Amino acid sequence: MRLVKPRRRIALRNAAFTLVEVVVSLAIITSVFGTIILAYIHSSRRAEWSGYSLAAQALAIQQMEQARSAIYDPSIVPVKNELTNLNLTAWTYSAGVLKGYSAAILDLPVSGTNVVWATNYVTVRMIWASTNPPVSIQMVQIDTVWPFTGWGTRQLYTNSVANYYAPDNPEVL
């Protein structure tokens, strides 16, 4: 019995991992850390995209607030309709539809010259809600188009906002 115990101690002292076990464990560790790093990169890219999208939505809402503050009263002579005066760079008017656009910088934290431009495409459409008595409302739709360079390509995205405006009536107020 005394001879068996020292042999066991020697065998346990010389025990080690085989080359196959080491390679398999390294492969598992590499795949786990690679997945964690890819998830981090993807989540940071998605967070950047969300920031761009929120800035574009804020730009569209800013243009919508400008329309909201406009006076639209067809009951006075001459008709007062400031919804067609939204500080657009270029606009066209045909068949009750006003279309135009304006460009602005997205409100993003930037340093240097890496600003991101977006374009607001504005559509003001006259809609007749009733003919007797004639009541018209106007739909204002703003589509903000902005670029995002991510995942190896540059793509354009659009945020849209729409609202309906009924006539103001200063006599009632």
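No gaps in the numbering here: position 149 of the sequence shown is 599 in the working numbering, and each next residue is one more.
Don't be surprised by glycine CBs; every beta carbon is placed ideally from N, CA and C.
In this text, all values refer to a predicted model and were calculated from it rather than measured experimentally.
Proximity of the region 580-588 to the region 608-619 meets the contact definition, three or more beta-carbon pairs being nearer than 8 Å. In the DSSP secondary-structure assignment, Val590 is bridged to Val574 and Asn613. CA-to-CA, the gap between Trp567 and Lys549 works out to about 20 Å. DSSP, reduced to helix, strand and coil, places Val595 within a strand of the structure shown.
The three-state reading of DSSP puts Trp499 in helix, counting H, G and I together. By the neighbour-count criterion, in which 16 or more other beta carbons inside 10 Å mark a residue as buried, Ser552 falls on the buried side. The DSSP-derived three-state label of Thr534 is helix. Its Cα nearest to that of Val560, the residue Tyr502 stands out among Thr608, Tyr502 and Ala520. The way I'd put it, the region 534-549 doesn't touch the region 593-610; fewer than three beta-carbon pairs between them come closer than 8 Å.
In the DSSP annotation of this structure, the continuous segment of the beta strand (DSSP E) that includes Ser552 starts and ends at Val547 to Ile555. When the beta-carbon positions are compared, Gln513 and Asn570 come within less than 8 Å of each other. Sorting Leu509, Val473, Ala497 and Ala466 by C-alpha distance to the C-alpha of Ile592 places Leu509 at the top. Between the alpha carbons of Asp523 and Asp557 lies a distance of about 33 Å. For Gly562, the secondary structure class from DSSP, reduced to helix, strand or coil, is coil. Under the criterion of beta carbons closer than 8 Å, Asp618 and Ile521 qualify as touching, at roughly 6 Å. At a Cβ-Cβ threshold of 8 Å, Gln507 and Asn582 do not count as neighbours. Contact annotation: Gly600 and Glu498 have beta-carbon atoms nearer than 8 Å.
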